[in-house]
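Chains as they are written, first to last, in this note's numbering: chain A, 200 to 315; chain B, 9 to 122. The next block holds one structure in the form of structure tokens; read it before the comments.
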Amino acid sequence: DAGVTQSPTHLIKTRGQQVTLRCSPKSGHDTVSWYQQALGQGPQFIFQYYEEEERQRGNFPDRFSGHQFPNYSSELNVNALLLGDSALYLCASSTLRGQGDTGELFFGEGSRLTVL
Amino acid sequence: AQSVAQPEDQVNVAEGNPLTVKCTYSVSGNPYLFWYVQYPNRGLQFLLKYITGDNLVKGSYGFEAEFNKSQTSFHLKKPSALVSDSALYFCAVRDPYGNNRLAFGKGNQVVVIP
């Protein structure tokens, strides 16, 4: 049973560029959340996708956008990169089916973005 | 808004000694609390959760956590620490109004000394 997979694992960009990160959720999961983990900090919630729509959003600017595909996989896009966007970007999957479930999130290994 | 606090930056413990990592929370409503562990250059791994029921929750790798409502705490514990337990530990609380949206603490680095 494949867990949450993310790509790429590492990437380097320069200020002003755009980046796309990809995530495939755990088998059976239909919801994908993205988190940003800056160095020395805990993960911060960016947004969550369910049924191909953004359902919740954290305190991140519009430069951060996303998409969810019919197969539940997801992309995170960041435009006009800033030095402060350097971080580990974590994808987490879960399921919203059966609202009585209060299950944990399953995280991928992350994509480490360095902005120069 | 819900939040958790992890007051210590680093916890040092000798191998074989008890390990405690502290977490306090602030929520409206009933708290849904979680502990995750992160090894270097890895994602987060789920350890345990408290939703309701017994205040002592048992999780993976011999870890347990004690929920204390009066002290609004959810401390992570392990009776006998291993060198392999050296990692970054995060406490998190679930948004009661947002499905599976977690607010994390800043994390605690645990160093188990051989």
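Backbone N, C-alpha and C define an ideal beta-carbon position, used for all residues, glycine too.
Measure how close the beta-carbons of Ser226(A) and Ala201(A) come, nearest whole angstrom, since I'm counting them as under 8 Å.
6 Å
Anything in chain B within Cβ reach of Pro224(A), meaning under 9 Å, just list it in chain order.
Within chain B, no residue comes near Pro224(A); the closest Cβ sits about 12 Å away, beyond 9 Å.
For the pair the region 236-244 of chain A and the region 267-278 of chain A, tell me if three or more CB-CB distances fall below 8 Å.
no
Any beta carbon from chain B within less than 8 Å of Pro207(A)'s own beta carbon?
no
With H, G and I counted as helix, E and B as strand and the rest as coil, what does DSSP make of Gly299(A)?
Caution is warranted here: a pLDDT of 48 is assigned to Gly299(A), below 50, making its placement in the model unreliable, and no coordinate value can be reported.
Kindly list, in the order they appear in chain A, the residues whose Cβ is closer than 7 Å to that of Leu84(B).
What Leu84(B) touches in chain A: nothing, since even the nearest Cβ is about 15 Å away.
When the Cα atoms are used, what is the spatial distance from Gly257(A) to Gln247(A)?
9 Å
Might you give, ordered along the chain, the residues of its own chain that have their beta carbon closer than 8 Å to the beta carbon of Lys66(B), omitting 5 neighbours on each side?
Leu56 and Glu72
Count the other CB atoms, across all protein chains shown, that sit within 10 Å of the CB of Ile245(A); report buried if there are 16 or more and exposed otherwise.
buried
Step through the CB atoms of chain B and report whether any lies within less than 8 Å of the CB of Pro260(A).
no
Let me know the secondary structure DSSP gives Val91(B) once reduced to three states.
helix
Tell me the residue span of the beta strand (DSSP E) that contains Cys222(A).
Cys222(A) -> beta strand (DSSP E) spans Val218 to Ser223.
According to the neighbour-count rule (16 or more other Cβ atoms, all chains shown, within 10 Å of its Cβ), is Gln46(B) buried or exposed?
buried
Which residues of the region 52-83 of chain B have a Cβ closer than 7 Å to any Cβ of chain A? Give them in chain order.
Under the 7 Å Cβ criterion, the region 52-83 of chain B contributes Leu52, Phe54, Lys57 and Ile59.
Going by DSSP in three states, Gly257(A) sits in which element: helix, strand or coil?
coil
Roughly how many angstroms lie between the CA atoms of Gly299(A) and Arg214(A), to the nearest whole one?
Low local confidence applies: a pLDDT of 48 at Gly299(A) is under 50, so the model's placement there is unreliable, with the coordinate-based value given in what follows. So the two alpha carbons sit approximately 44 Å from each other.
For Ser310(A), tell me which candidate among Leu287(A), Gly283(A) and Leu304(A) has the shortest Cα-Cα distance.
Leu287(A)
Can a CB atom of chain B be found closer than 8 Å to the CB of Asp285(A)?
Residue identity check: residue 285(A) is Ser in the sequence provided, not Asp. Under the 8 Å criterion on CB atoms, Ser285(A) is classed as non-interfacial with respect to chain B.
Taking Pro242(A) as the reference, which of Tyr40(B), Pro122(B), Gln79(B) and Lys114(B) has the closest Cα?
Lys114(B)
Would you check if the region 91-105 of chain B and the region 12-24 of chain B touch, i.e. whether three or more CB-CB distances between them fall below 8 Å?
yes
With a threshold of 16 other CB atoms inside 10 Å of the CB of Asp62(B), please say whether the residue is buried or exposed.
exposed
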